[in-house]
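Q:
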Amino acid sequence: MIRLMTIEDYAEVYQLWLSCTGMGLNTLDDSQAGIEKFLRRNPTSCFVATTQERIVGSIMSGHDGRRGFIYHASVHPDYRHQGIATQLIDAALDALKEEGIAKVAFVVFARNKEGNAFWERLGFQLRDDLVYRDKTLIEFERFDT
Ligand SMILES: CC(C)(COP(=O)(O)OP(=O)(O)OC[C@H]1O[C@@H](n2cnc3c(N)ncnc32)[C@H](O)[C@@H]1OP(=O)(O)O)[C@@H](O)C(=O)NCCC(=O)NCCS
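For what it's worth, numbering that gives the first Met the number 0 labels the leading residue of the sequence shown as 0, then goes sequentially.
Here is the structure:
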């Protein structure tokens, strides 16, 4: 079952993220306060997948009024290749479309071959004409799973 994610799901979703390799997490945005902030701004576009009350997948997505962004698409290793991530992404894309958002983007580690194969299959195009740049405004500690 796919349903909206709420902050009450945080502890279980966080454990799910730790069980997946290829996730880029950090101590600020992925803390309970960070996720609560994101959910408050994007209350209609973050979802979890459940089986018998256990959370086995999650996706966070939101927008800034122009572009949609997807973060932390993840499915527990024991539940992969059953179409769960596809359902989560469909739910997120529908929610963003409902908000009038015309295009959605995300970043993924180039080394994450499985993740990239997945996005390719879902029709997310690789933009080799762009360079991704960012700048830290508040220091945090990052860790990759
Ligand atoms: C990527 C991920 C979310 C896919 O979850 P999933 O529920 O298994 O995906 P789906 O079952 O919806 O897969 C849809 C299609 O994507 C492709 N795909 C999914 N996983 C794949 C893999 N490991 N290698 C190649 N293609 C893959 C397949 O074509 C698949 O269809 P199929 O199972 O009929 O072959 C999951 O593997 C995961 O959590 N990975 C770790 C975290 C991650 O890398 N997230 C994405 C980067 S942010």
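From the three backbone atoms N, C-alpha and C, an ideal C-beta is built for every residue, glycine too.
(1) When we look at the beta-carbon of Y131 and count the other beta-carbons within 10 Å, is it buried (16 or more) or exposed?
(2) Please tell me whether H62 and L95 are closer than 7 Å, where the distance is taken between their beta carbons.
(3) Give me the DSSP bridge partner(s) of T20.
(4) Measuring alpha carbon to alpha carbon, tell me which residue in K36, E138, A116, A10 is nearest A84.
(5) To the nearest angstrom, how far is it from the Cα of A104 to the Cα of G67?
(6) Comparing the CB of V12 with every heavy atom of ligand 1, is any distance shorter than 6 Å?
(7) Whose C-alpha, out of T26, D28, Q14, P76, is nearest the C-alpha of G114?
(8) So what does M59 bridge to, in DSSP terms?
(9) Whose C-alpha, out of V55, I69, L15, W16, is nearest the C-alpha of N41?
(10) If A6 and A90 are in contact, beta carbons under 8 Å, what's the gap, nearest whole angstrom?
A: Quick look at the numbers:
(1) It counts as exposed.
(2) Their beta carbons are under 7 Å apart, which means H62 touches L95 by this criterion.
(3) According to DSSP, T20 shares a beta bridge with no other residue.
(4) For A84, the nearest C-alpha among the options comes from A116.
(5) The straight-line gap from Cα to Cα measures roughly 6 Å.
(6) Incorrect: V12 has no Cβ contact closer than 6 Å to ligand 1.
(7) Out of T26, D28, Q14, P76, P76 has the C-alpha closest to the C-alpha of G114.
(8) Beta bridge pairing from DSSP links M59 with Y70.
(9) That would be I69, whose Cα lies nearest to the Cα of N41.
(10) For the record, residue 6 in the displayed sequence is Ile; it is not Ala. Actually they are not in contact, since the Cβ atoms of I6 and A90 sit about 18 Å apart, beyond 8 Å.
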